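Everything in the first sequence is counted per our numbering, starting at 2 for the first residue and increasing by one.
For glycine and all other residues, C-beta sits at the position ideal for the given N, C-alpha and C.
These figures come from a predicted structure and were not determined experimentally.
Scroll down for the structure; my scribbles are underneath it.
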Amino acid sequence: MKTLPELLAGDVIDAARCLLGRRLSSEIGGQVCAVVLTEVEAYGGEDDPASHGFRGRRTANASMFGAAGTLYVYRSYGMHWCMNVVTGPAGRAAAVLLRGARPVTGADVMSRRRGRSDHLADGPGKLAQALGVSGEQDGTTVYEGPVLLGLDVEAEGVVRADKRVGITRAMKRQWRFLLEEGPDVRD
DNA sequence: CGGTGGATTCTCT
DNA sequence: GAGAATCCACCGA
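As structure tokens, this is what we get:
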């Protein structure tokens, strides 16, 4: 069994699959909360036309070229924040977009940040908002915080692969991975 | 140097 | 299911 640092240092698709079921926690603004990741997407570097790293290093995506375990946070559609965990060797620009999660602790904190009590983290923008993540956390690492990734898998389930969401290039790649827990696994 | 297009979410119909 | 909200780096000229 590989350790998390070993997994993140390796192939982005392997890393993406192995992030499912892990705990993601944050301590931001004095508030602590945690979720379990249920949906992720892999993005490559210059070989992946749908990736932010495709056209090379830019001001906004610099952290994507950082070391494995770096948090890459970007603004989406001018109003949301989305976060990625960088994988592979530094300079490689591959990362796993965290698309969705199930709240486990601090649901009250997340509800307050989200302004509602349901759909707390079932989307990339929602997940970042629920955890209080913004551009300020861009470039931090998931080993040092304030956004931390659990070293162990906490939830097992069936991993389903699907097409990535919201992109217009490289639509064919099924690099989106969902964790289907429990008995009510749907298609 | 201005237009444009998003790795989205919410609300209303 | 469609449309609005809302920003700015990047592209093409």
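Where residue i sits in the DSSP three-state scheme
i, result
"ARG77", "Residue 77 is actually Ser in this sequence, not Arg. Correct three-state label for SER77: strand."
"GLN130", "helix"
"GLU28", "strand"
"GLY136", "helix"
"MET111", "helix"
"ASP15", "helix"
"GLY65", "For the sequence presented, residue 65 should be read as Met rather than Gly. Helix at MET65."
"MET84", "strand"
"PRO50", "coil"
"LEU99", "strand"
"GLU145", "coil"
"GLU181", "strand"
"ASP188", "Confidence at ASP188 is low in this model, with a pLDDT of 47, below 50, so the placement of that residue should be treated as unreliable; the coordinate-derived value is given next. Here ASP188 sits in coil by DSSP."
"PRO125", "helix"
"PRO104", "strand"
"LEU8", "helix"
Separation of residue j from residue i, as counted between CA atoms
i, j, result
"ARG76", "MET111", "19 Å"
"ALA95", "ASP109", "33 Å"
"ARG93", "ARG114", "34 Å"
"VAL160", "TYR44", "18 Å"
"GLY107", "ALA35", "7 Å"
"VAL41", "GLY116", "24 Å"
"TRP82", "GLY136", "7 Å"
"VAL37", "GLY124", "13 Å"
"GLU182", "GLU157", "7 Å"
"VAL166", "THR39", "15 Å"
"GLY46", "SER118", "37 Å"
"TYR78", "LYS3", "36 Å"
"ASP188", "LEU180", "Summary for ASP188: the model assigns pLDDT 47, below 50, so the residue's position carries little reliability, and this model does not support an answer."
Distance CB(residue i)-CB(residue j) smaller than 8 Å
i, j, result
"GLY67", "ALA91", "yes"
"LEU5", "PHE178", "no"
"VAL97", "ALA17", "yes"
"LEU149", "VAL86", "no"
"VAL134", "MET84", "yes"
"ALA69", "GLY89", "yes"
"ALA1", "LEU121", "The displayed coordinates of the chain run from 2 to 188. Any statement about residue 1 would go beyond what the structure contains."
"MET65", "GLY54", "yes"
"VAL105", "ARG23", "no"
"LEU152", "LEU99", "no"
Chain-order list of residues whose beta-carbon lies under 7 Å from that of residue i (same chain, five-residue window excluded)
i, result
"ALA171", "ASP49, PRO50 and ALA51"
"ALA61", "TYR75"
"GLU7", "none"
"TYR144", "GLY70"
"LYS164", "MET172, GLN175 and ARG177"
Same chain, Cβ closer than 8 Å to residue i, five either side skipped, listed in chain order
i, result
"PRO147", "SER27, GLU28, ILE29, GLN138 and THR141"
"ILE14", "ALA43 and TRP176"
"THR169", "ALA51"
Residues of its chain near residue i, where Cβ-Cβ distance is below 6 Å and the 5 sequence neighbours each way are ignored
i, result
"THR71", "SER64, VAL87 and THR142"
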